Amino acid sequence: LYENAVKATTQIEKEIKEIETLVAQNKKEMEIYKKAHDTYEKNKKANVTAELVLEDEQSLYHEAKEALAFYKNIFPHFYIELSYHGLEMERIALPLLVQLAKETNTPLIAANDAHMVANSEADIEARRLMRFNYFKKAQKVSEADKELYLKTPNEIFEMLSKVINKDDARKAIENLEILN
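Read in the numbering used here, the sequence shown has 913 at position 15, and its numbers run on one by one without any break.
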């Protein structure tokens, strides 16, 4: 009887070790599964967010296209104005404006948003002081602020060519002739 009990205990201990090994493997597999599942959920949320942003951008683009049609009906000589000063929002918007112009057969025209005559140190300092007086606090003059000077057509072309193709920039510059 004693020998049978020892055999049974040994067998039970062996089976317990096998179960512990299986549990340990199962834990590792569950950790791997959990990490994979968490990654999947994050990606799923990111894709949903990206899809929502994309849908929102498409909706805004459609609204812009409708607004453009509205204004073209009112103003027979309507142009889409392009101006670039190195701002991120301009870098994103200008190619979309060019696309919109092509889709709606609307001519492009270059613009020069000038807040100072030149980009000399004196003009930049005057701009900084003007901003201080307006906002009642000191503000740094950004790189984009430094681009808000009266540019030549060649300078405008160079700036526009940083974010749209040269043919579209050239056409926008050529259309400045309508202002003469």
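Just so you know, even glycine gets a beta-carbon here, dropped at the ideal spot from N, CA and C. As the structure is a computational prediction, the values presented were derived from the model and not from experiment.
Going by the DSSP bridge assignment, what does residue i pair with across the sheet?
i: residue 985; result: DSSP, once it has assigned bridges, lists no residue as partnering residue 985.
i: residue 965; result: BP columns for residue 965 are empty, so no partner.
Relative to the C-alpha of residue i, which candidate in the options has its C-alpha closest?
i: residue 1044; options: 1018, 979, 1029, 1061; result: 1018
i: residue 959; options: 983, 1057, 990, 908; result: 990
i: residue 1050; options: 1034, 1015, 1063; result: 1015
i: residue 1004; options: 975, 993, 1027, 1024; result: 975
i: residue 1046; options: 1066, 1024, 907, 1033; result: 1024
i: residue 1013; options: 907, 988, 902, 1028; result: 1028
i: residue 987; options: 925, 1042, 910, 1068; result: 1042
i: residue 1068; options: 1011, 1001, 1052; result: 1052
i: residue 1022; options: 1031, 1039, 1035; result: 1039
Are any of the Cβ atoms in chain D nearer than 8 Å to that of residue i?
i: residue 1062; result: No chain D appears in the structure shown, which is made up of a single protein chain.
Assuming residue i and residue j are in contact, meaning their beta carbons sit under 8 Å apart, how far apart are those beta carbons, in whole angstroms?
i: residue 1007; j: residue 1074; result: 6 Å
i: residue 996; j: residue 1066; result: 5 Å
Would residue i and residue j qualify as a contact pair, given that the criterion is a beta-carbon distance under 8 Å?
i: residue 998; j: residue 972; result: no
i: residue 1009; j: residue 980; result: yes
i: residue 982; j: residue 1058; result: yes
i: residue 992; j: residue 1062; result: yes
i: residue 1034; j: residue 1002; result: no
Query raised in the report: Mind pulling the beta strand (DSSP E) runs of 3 or more residues that sit fully within the region 973-1057?
Result: Taken in chain order, the complete beta strand (DSSP E) segments of 3 residues or longer contained in the region 973-1057 are 978-980, 1006-1008.
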